[in-house]
Amino acid sequence: MTKTNERTLKENAMNSPRNLWKLLPLTALPLFALGCSSTQPPRELIDARAAYARAQADARVTSLAPTQLHVAKTTLDTAERHFRDEGDEPETRDLAYIAERRARYAEVQAGLLTAQRQKAEAVTESQRRLAMSAQQSQSDLRQTKSQLDQEKARRQQAELRAKEAMDSLARIAAIKQEDRGMVITLSGSVLFASGKWTLLPSASSRLEEVARALKEQEGRNITIEGHTDSVGNDASNMTLSQKRADSVREFLVSRGVPADRVRSVGVGEGRPVADNQSTEGRANNRRVEIIIEASRETGGNQPAGTLGSGIQPSSTGSGSGTTTQPNR
Amino acid sequence: MKTIALGLVALSALAAGCASTPLPADRMGNAQASIRGAEVAGARGEPTAALHLRLAQENYDKAIKMAKDGDTERAKLVLQRSEADAELALLLAKEHTERAEAQRLMEQAQGGVVVPPPASPVPATPAPQTPVP
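Which chain is which? The protein sequence lines are C and H, in order. Each number in my numbering corresponds to the 1-based position in the first sequence with 2 added. Each number in my numbering corresponds to the 1-based position in the second sequence with 34 added.
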């Protein structure tokens, strides 16, 4: 047998089906290598493992969504088993994909429940604050009512005192209610010596009484008008009446009547109340009038500062030569 | 004889390959309902939910096509993918809505309801601040 024939026989022997088993190690090797390469998990499985690990590590998920987490675990186990048995097959990827979604579902479920709890807490907090607010309003209302009652009682007392003071004053001076207000008329001879503007010592007791009554007139403006008879010239009478009004004002302010509510006006001989031809008439014309203006505000409780700025010149004292002393 | 038998086998295999087995109606119905539910819950209004809603629809269409092509077993799994995405989309939309609502209510609880400060005393008529003579 030649060498060539020998090789041919050998090749034939190798190719015959009976000898195929001899090739097995050679063919198994690449298959084995192929098997090794398929142990690499697919991306879907890697993602599913990561998603589950993240969900499992989240205490919120384990406490709020344990059922959903369990479903995720079961699905992931199925995917892992399939991968172990079948390798990286499309079905393995499908199962891993679903497992990843289930793990995320558990996480979102926990988030949803957390949000619902926060909602409930917020509603409770709102209700608590509303209740507190209502309680506060009730308390404020009671306090306001109490203050109003106190204020009412105080005002009633003040009105009573004012009335008493006026009644007392009525015994020593003429009091008339006119359109311009309440007018207290004091005779000039009681207050001043003839031609003088210094108060007589005997005037003090009457003016003390006037001051007491005026102090009770809360929030009302007061005008003090000096009047003379027609003896002498106009200019000197005007000066005298102004100085007399000033003296009375000064006295009343010194006794506590608010200075910013009192003004003094000299009217002179311009507004007689009696005939200047007779002695008695002239005596009546020499006088000082104290006008308590009607309160412009209901209850008369406007602060002094605002009332002081609202003083209007007396309509009866606006004749030529009338002077107004600054209030402050 | 042997050739005829082989031919028959091949023919039947071919027939089996071509015949399409439909997907179970209940599974398809579930998947469709999940997609519809996510849409109703407003999944299109939230980016992540919208993405999963789109994936759910794509997987659903893919599963129908696979079943039509005869790969029913794989189609069932792809249909499960669709369901998983649709359910996630629905939950994401709900969570988004609830979170926004919780945020609004918490802000309202903290600052919306203003507790008024204690009432200031009623302004009383100023008593004469003058010395007693």
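For every residue, glycine included, the Cβ atom is placed at its ideal position computed from N, Cα and C.
DSSP places L242(C) in the helix class (H, G or I) of the three-state scheme. With fewer than 16 neighbouring CB atoms inside 10 Å of its own CB, L162(C) falls in the exposed class.
Taking all protein chains shown into account, Q137(C) has fewer than 16 neighbouring C-beta atoms within 10 Å of its C-beta and is therefore exposed.
In chain order, L57, A97, M100 and A101 place their CB closer than 6 Å to the CB of A109(H), counting only its own chain and leaving out the 5 sequence neighbours on each side. Taking a Cβ-Cβ threshold of 7 Å, none of the residues of chain C is close to M100(H); the smallest such distance is about 10 Å. Assignment of G71(H) by DSSP, reduced to helix, strand and coil, places it in the helix class. According to DSSP, E180(C) shares a beta bridge with G183(C).
Short of 7 Å from the beta carbon of A205(C), and not among the five residues preceding or following it, lie these beta carbons of its own chain, in chain order: V192 and L193. Three or more beta-carbon pairs separated by less than 8 Å are not found between the stretch 155-172 of chain C and the stretch 252-268 of chain C, which leaves the two stretches without contact.
Going by DSSP, I48(C) is part of the alpha helix (DSSP H) stretching over R45 to A59. In the DSSP annotation of this structure, the continuous segment of the beta strand (DSSP E) that includes E227(C) starts and ends at I224 to H229.
Annotation: Cβ neighbours of R108(H) in chain C (cutoff 8 Å, chain order): P92, E93 and D96. In the DSSP annotation of this structure, the continuous segment of the alpha helix (DSSP H) that includes S135(C) starts and ends at P92 to A172. Its chain contains N93, K96, A97 and M100 as the residues whose beta carbon lies nearer than 7 Å to that of V112(H), once the 5 sequence neighbours on both sides are disregarded; these appear in chain order.
A check of alpha carbon separations from R246(C) across R119(C), D87(C) and L202(C) identifies L202(C) as the nearest. Residue range V264 to G270 is occupied by the beta strand (DSSP E) that includes R265(C).
For A67(H) and R131(C), the gap between their C-alpha atoms comes out near 43 Å. Listed in chain order, the positions of the stretch 108-124 of chain C with a beta carbon within less than 7 Å of a beta carbon of chain H are V110, Q111, G113, L114, A117, Q118, Q120, K121 and A124. What I100(C) touches in chain H, judged by beta-carbon distance under 7 Å, is Q114, R115 and A118, going in chain order. Rounded to the nearest whole angstrom, the C-alpha separation of A122(C) and Q142(H) is 13 Å. Contact note: A136(H) reaches chain C through A117, Q120, K121 and A124, using a C-beta cutoff of 7 Å and chain order. Around R104(C), the beta-carbon contacts reaching into chain H at under 7 Å are A118. Within chain C, L114, A117, Q118 and K121 have C-beta atoms less than 8 Å from the C-beta of E132(H), given in sequence order. In the DSSP assignment, E211(C) falls within the unbroken alpha helix (DSSP H) covering A205 to K217. In this structure, H130(H) keeps its C-beta atom at 8 Å or more from the C-beta atom of A65(H).
The residue among W199(C), S207(C) and V212(C) with its C-alpha nearest the C-alpha of I186(C) is V212(C). Looking at the backbone, the Cα of A215(C) and that of L171(C) are separated by about 7 Å.
The beta carbon of G283(C) is closer than 6 Å to those of A276 and D277 in its chain, skipping five residues each way along the sequence.
For R251(C), the closest C-alpha among the options Q279(C), I224(C) and E46(C) is that of I224(C). Under the 10 Å beta carbon count, H72(C) is surrounded by fewer than 16 other beta carbons and is classified as exposed.
Between G190(C) and V290(C), the gap from beta carbon to beta carbon is short of 8 Å.
Ranked by Cα distance from L209(C), the first of I174(C), N235(C), A195(C) and E109(C) is I174(C). The alpha-carbon of M184(C) is positioned some 16 Å away from that of V259(C).
With contacts defined as CB atoms closer than 8 Å, A124(C) and P44(C) fail to qualify as a contacting pair.
In the displayed model, R83(C) falls within a helix according to three-state DSSP.
Just measuring C-alpha positions, the residue of Q244(C), A155(C), A195(C) and T116(C) sitting nearest A61(C) is T116(C).
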